[in-house]
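Numbering (our numbering), first residue to last: 406 to 703.
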């Protein structure tokens, strides 16, 4: 199980396909944490009492959340009888991009017991042929993340070159989409690289389009991380992507658990959250428990 891909796919699903309740999100992250701790078993058992304790939800809340997750195709579970722990299985919802996820969600069949569920991998050849025939030129509205990234790049370029020619922002937005969805680059990292490269004396004269940004992105990202004091939001060096993703997951788990424990009242939950993460702000915690459908670029 690739936890990094799993969490990213879950985030895409909850943002682009079907908003999930706070309880469903908290239960999913709790199940991921448990499976991670026991070494990623295909199926594992856990009692309702333990899930209630870890999520801060009532028994009814846990049952409602797990039914919702199964209906969405995110987990499978089997009730093993009275006074026995329930068996759970996490679905590997790795996807190529959010559009594949959307198509898969619409065609996903109902399932029961141990029957494998359909998920977001490898659409069959007929679907691919149909997709190619029906493909139309994409358009991006002003509120899409990709258009915001395109405008952010334009804005940073104009700081250095006020007479810069007006670009075709729809084309730039599509390049931003490819960078995020096809190249698997994080939108926040893209924004950081844009700001850094336009502050660099060499790269500010070379990165003058979204396509050039995409082509040079990996090199720019590494140089940004290597430069001291140039990254507008430094990140700790050393941990691998896997370790960082686990740490982020654990941070979300604690926030969700505290939030649920105090009846979805973040003000009351903050003191407990700060015991573990003293530097966290209310705004940061609020973004976890109340994520916007699309994050704007700062």
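Beta carbons are placed, not taken as given, at the ideal position from N, Cα and C, and that holds for glycine.
Name the one or two DSSP bridge partners that residue i has.
| i | result |
| --- | --- |
| residue 481 | 494 |
| residue 450 | 492 |
Quick one, are the C-beta atoms of residue i and residue j less than 8 Å apart?
| i | j | result |
| --- | --- | --- |
| residue 543 | residue 579 | yes |
| residue 791 | residue 498 | Outside the shown range of the chain, which is 406 to 703, sits residue 791, and nothing can be said about it. |
| residue 490 | residue 460 | no |
| residue 574 | residue 493 | no |
| residue 434 | residue 672 | no |
| residue 719 | residue 440 | Missing from the structure shown is residue 719; the chain here goes from 406 to 703 and no further. |
| residue 685 | residue 679 | yes |
| residue 594 | residue 626 | yes |
| residue 664 | residue 674 | yes |
| residue 577 | residue 596 | no |
| residue 660 | residue 631 | no |
| residue 557 | residue 590 | no |
| residue 476 | residue 482 | no |
In this structure, how does DSSP classify residue i when only helix, strand and coil are distinguished?
| i | result |
| --- | --- |
| residue 601 | helix |
| residue 433 | helix |
| residue 407 | coil |
| residue 589 | coil |
| residue 617 | helix |
| residue 361 | An answer regarding residue 361 cannot be provided, because it is not within the stretch 406 to 703 covered by the chain. |
| residue 564 | helix |
| residue 413 | helix |
| residue 438 | helix |
| residue 544 | coil |
| residue 460 | helix |
| residue 680 | helix |
| residue 444 | coil |
| residue 695 | coil |
| residue 686 | coil |
| residue 582 | helix |
| residue 570 | coil |
| residue 426 | coil |
| residue 549 | coil |
| residue 465 | helix |
| residue 704 | The first residue shown for the chain is 406 and the last is 703, placing residue 704 beyond what the model contains. |
| residue 473 | helix |
| residue 419 | helix |
- Task: Would you check if the stretch 600 to 619 and the stretch 652 to 663 touch, i.e. whether three or more CB-CB distances between them fall below 8 Å?
- Result: no
- Task: Decide yes or no for the touch test of the stretch 414 to 425 against the stretch 459 to 466: beta carbon pairs closer than 8 Å, at least 3 of them.
- Result: The stretch 459 to 466 and the stretch 414 to 425 do not touch, with fewer than three beta-carbon pairs separated by less than 8 Å.
- In the stretch 647 to 677, which residue ranges form an unbroken beta strand (DSSP E) of at least 3 residues, counting only runs that do not cross its ends? none
- Assess, as a yes-or-no matter, whether the stretch 428 to 444 is touched by the stretch 470 to 477 under the definition of 3 or more beta carbon pairs within less than 8 Å. yes
- Message: Check whether the stretch 575 to 595 and the stretch 551 to 561 touch, using three or more Cβ-Cβ pairs below 8 Å as the test.
- Response: yes
- Task: Please confirm if the stretch 552 to 572 is in contact with the stretch 609 to 620, defined as three or more CB-CB distances below 8 Å between the two stretches.
- Result: yes
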